Amino acid sequence: MLCRSPKAWSGPLFWFPANVNAVNARFTALQVVVVSILGIIFRYNEIMRYAIAGMCADFILRLFAGGRASIQGTIAELFSYYFKREMVAGPPKQFAAFCGIMFSGLATLFLFLGGEGEYGAGDGEGFFITGQIILGALAVAAGMEAHFAPPPNSTLLGMIAHRLGVFGFCAGCMMFTMAVKLKLVSHHVFDICEDSLDETEEALAEERSWPIGSVVFSWLCDKCPPFKVFIFFDNSHGGAPKAKSKKEDSEMDERSGSGRDGEKGKDKGGEAQEEIDGWSDLESEDKKRGTDSTRRSLGQRIWRGKLLDGKKQATFEPKFKEKEVKEIINLTYKEQELEGLEKNDGRKLHERRVVLGTPHTEEMIRYEWNPIRNMKITYMGVPMGILGMAAAWRVCDAVFAGTGKGWWATFGIAGAALLLLFAVMYLVKMFLYPRKVLSEWDCPIQGPFFSAVTIDILLLSFLIESDHNDLAKVLFWIAAPVQLFLGVNAVARWALVPHYIETINPNWMIPVVGNLVAALVAPRLDDGYDEVAWLWYGFAILYWIPLFVMSVLRVTTREALDDRLTSSLFVWLAAISVACSSYVAIKAANCHCDPWELDYYPRMLYFAAVGIFLVLAYMTLHHYFGRNRFEMSYWGYTFPLATLSMVTMDYYQLVGSGLLKALSWMSLILVTFVVAMCALHTLVLLQKRADLFVPNEKWGPLSFMKIIHFALRGATKKLERFGRFLDADDERSIVRFVRIFKSIHMMHAEHSQHEEQILYPFFNSYFPGYCRFVGKEHTEGEHELAEAASAVESLLHSDSAGQRASAVQDLKKMLPTLIEHLIEHLDYEELYVNHVPKKYFNPKITRKLTRQIWESTSAEKWAVLVPFVINFSPLLGQKARFLRCLRWAMPERIQQVGGMVYDGVSPTMWQRLTKFVPEMAPRGVFGWTRYY
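The sequence shown runs 1 to 932 under the numbering used here.
Rendered as structure tokens:
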């Protein structure tokens, strides 16, 4: 049937999350109670009225995008981390936010209608009383929800929060539930909540697995080799690591040395390795969560380079000896290690220590938390955003007298302090890890951010030029020549180093922006600098035009940008906004007249900037920006918005218009809000995920093979659970078990064939003999699966109950060993094999290998395997990346892949995936577009 039936689905409106943490909502409600009570007490205070209006705006943001877009919601997330998570459906909470809009909006309206003064004007006191009543009702409703169960090991914070709560009752949720029962709202609105609940829990469990305190503690242990501290983690509420007592240490010493083969483990120096039973802690944690320890991800089974073996024991050592620490993966080193293990079988390789520097999986990157080694040059965009906001407030102080120096001075000091801190950290990195600095210098994505340092210094010069002109000039002549050199170097590298269209991205325009900022600052420091300002301006404009064209070509005709790079599109806005402001500044210094009256050029630049902003805003409505969780790349939105605010205020000052005045204030509030949200979310990252100062996550066309590993892990988790409940007399349990077993068997067979016939021969052509151990494991794994398949066939074709019971018992005996060996094999491949194409093969080769893999398997099998990967991969990001890898390698086949996905997943999953890969919609389905 060529025409596919439409998939009906429902869920929260706009960008509201499908599931939310009820504890976040309760902390948010507590803030609403506080603001409402303050609004009642200080009802005549004008600032308090604006605070109530701000609370209404916060409700509006939560209605559209949930707590992630709300200041109150983000603050609540900082506190809710220490409480037990309670996931609830999102739609009722969205309706509750809508109710909050009505209450806070009416309260704001009546408070402002009350007029000025203590008793209002005329009937103003009646408006004030009405506003107070509405705020009181809002405080009561929010207070009923702000109930907290005290967390484990209750702290003073937990007890206070518990006492402040009342019932934990959400009135808006109750009304929404009644609407569903009365069939005013379709019950399908909860479908997406149910489908994504496990995935949300998985993602949040990863967040809580390694709190920032634990990672900092481990890093400090690494920096102090004499002190070997045994630690374990209480992750139920994000607790800090606890040191083991001396008694526990002695007990550990007695148990040390027992490995999987029963022999005592010795390090290269002959010293006994100290071991901890870390797995028992993980098991107890899993029992609390209701999850299965044996199905933990690789990242949860490895900490600081020690692999938990089959007997559930772990070894721990804060730091290896200096001679044992290896740097970047070296195939010669690996080859030498493998030569010493030729007599061992493949499984022996799993017991080797994972030394520092071995390529890690995405789950493992958090264990390399290091504020020096992983101090990235891209982090210089953080002070650039703050200083850009300070510059916008300084322009506001000049244009709209009365805002005061305090605002922009405070922001400027904060940005300067952060710049100083980051600069010192990066200088230390240059001495300790010079190869990493050179790697960033050569990187087409991170390299342009070296200009962010000079831009920061130029912005400081801009901020202090009126009070400390001499110091501002010194800063300018330090930064501006360096910025010119960075621009010349960037352009020269186009010819000196071969580049491909895939490597082009809007970040290449950052050196151009830096030269334009130099041209903006120069005439403000001294009227005599106007001529030299043309040097930076002319050079920047000359190369801004081709860079803009190339980046537009890259975005429109090649593989879609990674979610971490989508914010780089805002560099388009920054370049043209600063170009307009700098041109006006140069002309004003040169002619001492109104530059807007000279020619049409600045007007054209300003309205072009407005046009680019409208384009970016429209793309935001289509969920192009902000699809992924918060990362440091979000700071890329801040500086471009600050430049738009500055040029809008400049235009208003010279032209004058009520509309421009409103736009000036709106743009200033927008950039301040975005910076505040980025700052709060950065604190959340520090607290929850340790997502700062960790290695970058990398992927390419062949990364879909690794995502198949995640799917196999997810499928074996279900297989194990179904195996426990397998009953010879229960036909339903048999059918359920057989269906998933056959899927795993097919996936394993095809995946092994892809590796043995295509990938590993190609790997060995680069590095002979590198993959010679893996094929043996494939054979052993296929043999184990064949034995299990034989038992499954016996179960299906048994004539008597006794034969079925015997087959079930055989399967239950085979299953633990089969799953253990399969997971060990996947772990080994990820540790020692999967990094090879990413580090040594260019995208053209990996795309070719992906095509060969696709063509080696029939479409009938892919129609089963593609939905298998989508349905069993634990996280939405992994599912989307699997499809993006295929799109990258085979854009002409993405609709064929989309048809397989459409027929094999739920309606809600289909809708979620099309937000990331809209091109995969097959013909006859909403969203289909013709491929040319």
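Cβ atoms here follow ideal geometry from the backbone N, Cα and C, with glycine treated the same way.
Keep in mind that this is a model prediction, so the values were computed, not measured.
Q. So, using beta-carbon positions, are L111 and I41 closer together than 8 Å?
A. no
Q: Within 10 angstroms of the Cβ of S186, are there 16 or more other Cβ atoms? Answer buried if so, exposed if not.
A: exposed
Q. What are the start and end residues of each continuous alpha helix (DSSP H) run of 4 or more residues lying completely inside the segment 418-464, in chain order?
A. 434-442, 450-464
Q.
Let me confirm a value: G66 is counted as buried when at least 16 other C-beta atoms fall within 10 Å, else exposed. Which label applies?
A. buried
Q) CB-CB under 8 Å to M425, same chain, minus the five flanking residues each way: which ones, in chain order? A) P371, I372, M375
Q | Residue range of the beta strand (DSSP E) that includes N21 | A | 19-21
Q: Give the DSSP-derived three-state secondary structure of A863 in the structure shown.
A: helix
Q | Given D195 as reference, the closest of V694, N19, S752 once Cα atoms are compared | A | N19
Q. When you compare each of S765, E750, Q809, R554 to G781 by their alpha carbons, which one comes out closest?
A. E750
Q. Does DSSP classify V185 as helix, strand or coil?
A. coil
Q.
Please state the DSSP three-state secondary structure of V905.
A. coil
Q.
One question on the structure: do V738 and L796 come within less than 8 Å of each other, judged by their Cβ atoms?
A. yes
Q.
Taking the beta carbon of K429 as the centre, do at least 16 other beta carbons fall within 10 Å, making it buried, or is it exposed?
A. buried
**Q.** Beta-carbon separation (whole angstroms), G927 vs T908, contact threshold 8 Å
**A.** Going by Cβ atoms, the distance from G927 to T908 rounds to 15 Å, so no, they are not a contact pair.
(Q) Three or more C-beta pairs under 8 Å: does that hold for the segment 485-504 against the segment 412-425? (A) no
Q | Helix, strand or coil at M375 [DSSP, three-state] | A | coil
Q) Does the count of Cβ pairs from the segment 507-527 and the segment 457-473 closer than 8 Å reach three? A) yes
Q.
Buried or exposed for R930, going by 16 or more other Cβ atoms inside 10 Å?
A. exposed
(Q) Could you tell me the alpha carbon to alpha carbon distance between S568 and D730, rounded to whole angstroms? (A) 56 Å
**Q.** Proximity below 8 Å, CB of G723 to CB of K813
**A.** no
Q. Helix, strand or coil for M87 per DSSP?
A. strand
Q. Mind checking if Y624 is an interface residue toward chain B, Cβ cutoff 8 Å exclusive?
A. Of the protein chains in the structure, only one exists, and it is not chain B.
**Q.** Cβ shell of G96 (< 7 Å), same chain only, five flanking positions each side left out
**A.** Note on identity: in this sequence residue 96 is Ala, with Gly being the wrong assignment. If we look at A96 and ignore the five residues flanking it on each side, its Cβ neighbours are C170, G172, C173.
Q) Expressed to the nearest angstrom, what Euclidean distance is found between the alpha-carbon atoms of G11 and H188? A) 7 Å
Q. Under the three-state reduction of DSSP, which class applies to Y81: helix, strand or coil?
A. coil
**Q.** Buried or exposed by the 16-neighbour rule on C-beta atoms within 10 Å, applied to S856
**A.** exposed
Q: Compare the C-alpha of C678 against each of G54, I47, G73, T817 and name the closest.
A: G73
Q: Please determine, among P816, M746, A791, the residue with the shortest C-alpha to C-alpha distance to S858.
A: M746
Q: Tell me, please, whether the segment 440-458 touches the segment 400-408 by the rule of three or more beta-carbon pairs shorter than 8 Å.
A: no
Q. Which same chain residues, not among the five before or five after V578, have their C-beta less than 7 Å away from its C-beta?
A. V513, L516, V517, L520, T643
**Q.** Neighbourhood of E919 by C-beta distance below 6 Å, restricted to the same chain and skipping five residues each side
**A.** I894
Q | Simplified DSSP assignment, three categories, for A921 | A | coil
Q) Could you check where the alpha helix (DSSP H) with S743 kicks off and where it finishes? A) 731-754
Q: Mind reading off the beta-carbon distance from C56 to I101? Whole number of angstroms is fine, and I expect it under 8 Å.
A: 6 Å
**Q.** Host alpha helix (DSSP H) of P935 (start-end)
**A.** The question about residue 935 has no answer here: the residues shown for the chain are numbered 1 through 932.
Q: Measuring alpha carbon to alpha carbon, tell me which of S798, R713, F841 ends up nearest N764.
A: F841
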